[in-house]
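In terms of the numbering used here, the sequence shown opens at residue -3 and continues consecutively.
The beta-carbon is built from N, C-alpha and C at its ideal position, and this holds for glycine as well.
Being a predicted model, the structure only gives us computed values, none of them experimental.
To start, the structure itself, in structure tokens.
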Amino acid sequence: MAELPLYPDYPFLPKRFDRGGGIGLSYLDEGPADAPPVVMLHGNPSWSYYWRHLVAGLKDGYRCIVPDHVGMGLSDKPRDADYRYTLASRVEDLDRLIASLDLKGPITLAVHDWGGMIGFAWALRHPGRVARLVILNTSSFPLPESRRLMWQIAVGRIPLLGAVLIRGFNFFARGAADLGVARPIPSASRKALLAPYDSWANRRAVHRFVQDIPLKAGDDAWALVQQAEAALPSYRDVPTFIGWGLQDFVFDQDFLARFVKELPNATQKIYGDAGHYVLEDKHEELVPAIRQFLDRHPIG
């Protein structure tokens, strides 16, 4: 394996998993092999780098499994002819990875952005496997009826224009790195967050994620997201931690309110001075808070 570049606060050695068809999925597996597993799922347009502070804060007592979705991060970036960039494919990837690691018992699911859709959809296949939840600025249900798709995302779905903006000018990834935080990300960390998305070809998945957002019946992900929405109340008695940045113009207070309504017993850390990338803005507070939450709610 070629020597990896050095990323700030990311001293981890990723592993590789063939998800099928010769497509390699990169993932972190940090911590004792027999420790309680915490599966962390990033969204779009980030990668496992987003979870670096939480991995560092947990890996002495927890097994941290952190995949880069296909086309993202350090995973392979296949052509459309070789991989279907859909929510169903993401769920299948996660299912195969977890099976390959022989994680048969209960897990903690930590999700952010699209990671929520992927994680909650995966849980539909495995009732009872999710023993704890860590929810950070995400969703497991369609866009609230009172909301319209934000223009910053909607333009990315316009044929041709979306491709030019997202794949040509890196509009989406750069915009998220700058507008998704309340305090600027340090220059070296911002560079690392954007590093995998350095060309037209390597931004394919970023664009496909935007195109796959389910807005109506008939969209590829619609049925799966509706099923995840229907299952959300079943987690009411599952220990849950909600960490949220209120300066998120995508996953805003409407999304937070839905989670709070359905999961009223959740431990909450809500920040008025944090944005979408809440772990970038508040990792100094969130990491120890999540660690304390997990320690207070042991599995088994």
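Can you give the beta carbon distance from residue i to residue j, rounded, assuming they're within the 8 Å contact cut?
{"i": "Gly17", "j": "Asp78", "result": "6 Å"}
{"i": "Leu70", "j": "Gly27", "result": "Contact doesn't hold; Cβ gap of about 19 Å is too wide."}
{"i": "Gly176", "j": "Trp110", "result": "Not quite, the Cβ-Cβ distance comes to about 13 Å (not below 8 Å), so this is no contact."}
{"i": "Thr104", "j": "Ala84", "result": "That pair is no contact at about 24 Å."}
{"i": "Leu189", "j": "Ser96", "result": "Not a contact, Cβ separation roughly 27 Å."}
{"i": "His108", "j": "Tyr6", "result": "Actually they are not in contact, since the Cβ atoms of His108 and Tyr6 sit about 16 Å apart, beyond 8 Å."}
{"i": "Ala173", "j": "Arg186", "result": "5 Å"}
{"i": "Val246", "j": "His272", "result": "6 Å"}
{"i": "Leu93", "j": "Leu9", "result": "Actually they are not in contact, since the Cβ atoms of Leu93 and Leu9 sit about 17 Å apart, beyond 8 Å."}
{"i": "Arg254", "j": "Phe137", "result": "6 Å"}
Could you check where the beta strand (DSSP E) with residue i kicks off and where it finishes?
{"i": "Asp25", "result": "20 to 26"}
{"i": "Met36", "result": "33 to 37"}
{"i": "Asp291", "result": "Careful: Asp291 lies outside any beta strand (DSSP E), inside the alpha helix (DSSP H) at 274 to 292."}
{"i": "His108", "result": "103 to 109"}
{"i": "Asp269", "result": "263 to 271"}
{"i": "Val126", "result": "126 to 134"}
{"i": "Val62", "result": "59 to 63"}
{"i": "Leu242", "result": "236 to 243"}
Could you check the C-alpha separation between residue i and residue j for me, to the nearest Å?
{"i": "Leu161", "j": "Ile61", "result": "32 Å"}
{"i": "Leu242", "j": "Trp196", "result": "32 Å"}
{"i": "Lys297", "j": "Arg287", "result": "Summary: the structure shown does not reach residue 297, with the chain confined to residues -3 through 296, and so no result is reported for it."}
{"i": "Tyr3", "j": "Asp64", "result": "15 Å"}
{"i": "Lys265", "j": "Val130", "result": "11 Å"}
{"i": "Leu120", "j": "His279", "result": "30 Å"}
{"i": "Phe167", "j": "Val202", "result": "10 Å"}
{"i": "Arg170", "j": "Pro192", "result": "12 Å"}
{"i": "Leu220", "j": "Phe116", "result": "10 Å"}
{"i": "Phe13", "j": "Pro260", "result": "37 Å"}
{"i": "Met68", "j": "Thr263", "result": "31 Å"}
{"i": "Arg179", "j": "Glu276", "result": "8 Å"}
{"i": "Asp216", "j": "Arg75", "result": "19 Å"}
{"i": "Met36", "j": "Ala106", "result": "5 Å"}
{"i": "Val87", "j": "Trp118", "result": "5 Å"}
{"i": "Thr134", "j": "Arg232", "result": "17 Å"}
{"i": "Leu50", "j": "Arg199", "result": "26 Å"}
{"i": "Gly57", "j": "Tyr23", "result": "19 Å"}
{"i": "Asp98", "j": "Asp91", "result": "11 Å"}
{"i": "Ala285", "j": "Asp89", "result": "30 Å"}
{"i": "Val34", "j": "Gln148", "result": "32 Å"}
{"i": "Gly124", "j": "Asp244", "result": "31 Å"}
{"i": "His293", "j": "Asp72", "result": "36 Å"}
{"i": "Val234", "j": "Leu156", "result": "44 Å"}
{"i": "Asp291", "j": "Arg15", "result": "32 Å"}
{"i": "Gln222", "j": "Gly214", "result": "12 Å"}
{"i": "Asp25", "j": "Lys100", "result": "16 Å"}
Any idea if residue i is buried or exposed, counting beta-carbon neighbours within 10 angstroms, 16 or more meaning buried?
{"i": "Met(-3)", "result": "Note on Met(-3): pLDDT 41, under 50, position unreliable in the model; no value is reported."}
{"i": "Gly239", "result": "buried"}
{"i": "Ser183", "result": "exposed"}
{"i": "Ala29", "result": "exposed"}
{"i": "His122", "result": "exposed"}
{"i": "Asp269", "result": "exposed"}
{"i": "Ile154", "result": "exposed"}
{"i": "Gly112", "result": "buried"}
{"i": "Arg59", "result": "buried"}
{"i": "Gly152", "result": "buried"}
{"i": "Ile114", "result": "buried"}
Taking residue i as part of the alpha helix (DSSP H), name the residues at either end of that continuous run.
{"i": "Gly53", "result": "48 to 54"}
{"i": "Lys257", "result": "249 to 258"}
{"i": "Leu90", "result": "83 to 96"}
{"i": "Lys187", "result": "183 to 190"}
{"i": "Phe13", "result": "Segment 11 to 14 is the beta strand (DSSP E) holding Phe13; no alpha helix (DSSP H) there."}
{"i": "Gly171", "result": "167 to 175"}
{"i": "Trp147", "result": "147 to 150"}
{"i": "His203", "result": "200 to 207"}
{"i": "Trp218", "result": "218 to 227"}
Is it the case that the segment 195 to 207 contacts the segment 219 to 231, given that we only count it when at least three CB pairs across the two stretches are under 8 Å?
no
State whether the segment 124 to 142 contacts the segment 239 to 255, with contact taken as three or more CB pairs (one from each stretch) at a distance under 8 Å.
yes
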